[in-house]
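Residue numbers (the working numbering), protein chains in the order written: chain A, 9 to 296; chain B, 63 to 204.
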């Protein structure tokens, strides 16, 4: 059975059907991300004053990823325009760049995620907070380097750890020496220290207070992983579709070029939406 | 599919421009090359917008609230450029505008309810845990 209106516009809508379909889908996507943005706002305004972490993410990597997505958005629309101008060769080049951009985005995002999963906060029995990147973790100890030490004086809490950390600190971890500072480390020290679990404070459950910056760390990390994770899935899905239409799916150009061009337009609309979501995610999660 | 292309005489073969079609816009060859100039301008604007967003986050506009407003304003402009030109919403059929109108309505409603809820004294007042604890913790400071 033929699918109707794949190339010709329906008389009543003036559109080929796939275009109506993708816009209905994007409308539902707006509400999906909208609900999560709503969750973000409520978590943020509901947080205790001064506790919402700012500057926990690497702005440079976020900016690069923003530019990568913008470039991919341009190549997607240029690929479609190339088909309209009957330049299949250029279409292939543009979409190859798009897929490459999608891969670069995912690689950078993976590095950012990895950084958070190896970034630990350890609370010692005397209340001192050690915040840094893990070098090694064994059954009874954890070794941190480039860590900050926050002494429990008065109001020094978890939040002090978050605010004491300058923007882009996780990435800065790659710089600096690996010298062992021993026990007399202070905030911002670039030392390395092995912490025995016996000197670490415990939760009521008996679990030691050694925790990385995964989604469970605080509500900020939870909404960060939820929003960027869902967005990354969209990047992956979009890249798969665009990759298919660049590879095996491109055979349709030689049998039904008009329908193929429409497929490129529809997949492009999805890709632009993914870019659009990131345009809002970037300032909200990285800068504000 | 094979017999579908048979009756669509207007559908170009790979040897002919795909531009003169009934699909979507029906941009001609010439129109598309004009569009490309627009795409490049939007590309430049988006790059500049990204740099401005990062730069603006380092400036104090008089309170964090103002900085959030500025960042969201830039994001809205960038979002508009992508939607209007890359997604061709500047020149689209009525049905699409209808679908998007409904989306904007519900999205705005969702955000309105969200902000309403986050106002102190609203029907869901989020009690801040430190409100009660803070006075006790304060005397420790000199």
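Virtual Cβ for every residue (Gly too), placed ideally from N, Cα, C.
In this text, all values refer to a predicted model and were calculated from it rather than measured experimentally.
Measuring only the C-alpha atoms, how far is residue i from residue j?
i                     : j                     : result
residue 108 (chain B) : residue 157 (chain A) : 40 Å
residue 13 (chain A)  : residue 229 (chain A) : 45 Å
residue 223 (chain A) : residue 92 (chain A)  : 45 Å
residue 155 (chain A) : residue 130 (chain A) : 10 Å
residue 56 (chain A)  : residue 105 (chain B) : 40 Å
residue 24 (chain A)  : residue 87 (chain A)  : 19 Å
residue 149 (chain B) : residue 178 (chain B) : 32 Å
residue 232 (chain A) : residue 78 (chain A)  : 21 Å
residue 287 (chain A) : residue 155 (chain B) : 26 Å
residue 136 (chain A) : residue 126 (chain B) : 30 Å
residue 264 (chain A) : residue 131 (chain B) : 48 Å
residue 331 (chain A) : residue 124 (chain A) : The structure shown does not extend to residue 331 (chain A), since chain A is modelled only from 9 to 296, so the question has no answer here.
residue 187 (chain A) : residue 140 (chain A) : Unreliable placement is indicated for residue 187 (chain A), whose pLDDT of 34 sits below 50; the coordinate value is still reported in the next sentence. Approximately 14 Å between the Cα atoms of the pair.
residue 172 (chain B) : residue 50 (chain A)  : 12 Å
residue 180 (chain B) : residue 117 (chain B) : 29 Å
residue 103 (chain B) : residue 160 (chain A) : 54 Å
residue 272 (chain A) : residue 157 (chain B) : 21 Å
residue 128 (chain B) : residue 289 (chain A) : 18 Å
residue 227 (chain A) : residue 58 (chain A)  : 14 Å
Beta-carbon separation of residue i and residue j under 8 Å?
i                     : j                     : result
residue 235 (chain A) : residue 44 (chain A)  : yes
residue 19 (chain A)  : residue 69 (chain A)  : no
residue 35 (chain A)  : residue 274 (chain A) : no
residue 112 (chain B) : residue 133 (chain B) : no
residue 153 (chain A) : residue 200 (chain A) : yes
residue 292 (chain A) : residue 48 (chain A)  : yes
residue 285 (chain A) : residue 41 (chain A)  : yes
residue 143 (chain A) : residue 109 (chain A) : no
residue 250 (chain A) : residue 15 (chain A)  : no
residue 46 (chain A)  : residue 165 (chain B) : no
residue 31 (chain A)  : residue 161 (chain B) : yes
residue 138 (chain A) : residue 294 (chain A) : no
residue 39 (chain A)  : residue 243 (chain A) : no
residue 101 (chain B) : residue 218 (chain A) : no
At a threshold of 7 Å, does residue i count as lining the ligand NAD (C-beta to nearest heavy atom)?
i                     : result
residue 143 (chain A) : Annotation note on the ligand NAD: not contained in the displayed structure, which lists no ligands.
Just confirm the distance between the C-beta atoms of residue i and residue j, as a whole number of angstroms; I'd bet it's less than 8 Å.
i                     : j                     : result
residue 100 (chain A) : residue 277 (chain A) : The pair is not a contact, with the Cβ atoms about 20 Å apart (cut-off 8 Å).
residue 212 (chain A) : residue 133 (chain A) : 14 Å between Cβ atoms; not a contact.
residue 138 (chain B) : residue 145 (chain B) : Contact doesn't hold; Cβ gap of about 10 Å is too wide.
residue 149 (chain A) : residue 203 (chain A) : 6 Å
On the three-state DSSP scale, how would you describe residue i?
i                     : result
residue 217 (chain A) : coil
residue 24 (chain A)  : coil
residue 16 (chain A)  : coil
residue 155 (chain A) : strand
residue 7 (chain A)   : A query on residue 7 (chain A) cannot be resolved here, the shown segment of chain A reaching from 9 to 296 and no further.
residue 319 (chain A) : An answer regarding residue 319 (chain A) cannot be provided, because it is not within the stretch 9 to 296 covered by chain A.
residue 148 (chain A) : coil
residue 193 (chain A) : Caution is warranted here: a pLDDT of 42 is assigned to residue 193 (chain A), below 50, making its placement in the model unreliable, and no coordinate value can be reported.
residue 200 (chain A) : strand
residue 284 (chain A) : helix
residue 139 (chain A) : strand
residue 86 (chain B)  : Here residue 86 (chain B) scores only 43 on pLDDT, less than 50, and its place in the model is too uncertain to base an answer on.
residue 156 (chain B) : helix
residue 132 (chain A) : strand
residue 121 (chain B) : coil
Practice task
Scan the stretch 88-119 of chain A for residues whose Cβ lies nearer than 8 Å to a Cβ of chain B and list them as they occur along the chain.
Solution key: 89, 91, 92, 93, 94, 96
Handout entry: Near-chain B residues of the stretch 27-40 of chain A (beta-carbon distance less than 9 Å), N- to C-terminal order
Key = Taking 9 Å as the Cβ-Cβ cut-off against chain B, the residues of the stretch 27-40 of chain A that qualify are 27, 28, 31, 32, 34, 35, 36, 38, 39.
Problem - Members of the stretch 138-151 of chain B near chain A, C-beta cut-off 9 Å - result: 138, 140, 141, 144, 145, 147, 148, 149, 150
Problem - Contact list for the stretch 112-124 of chain B against chain A, Cβ threshold 7 Å - result: Hits within the stretch, in order: 112, 115, 116, 119.
Problem - Interfacial residues, the stretch 57-90 of chain A to chain B, with Cβ spacing under 7 Å - result: 57, 67, 71, 74, 75, 78, 81, 82, 85, 86, 89
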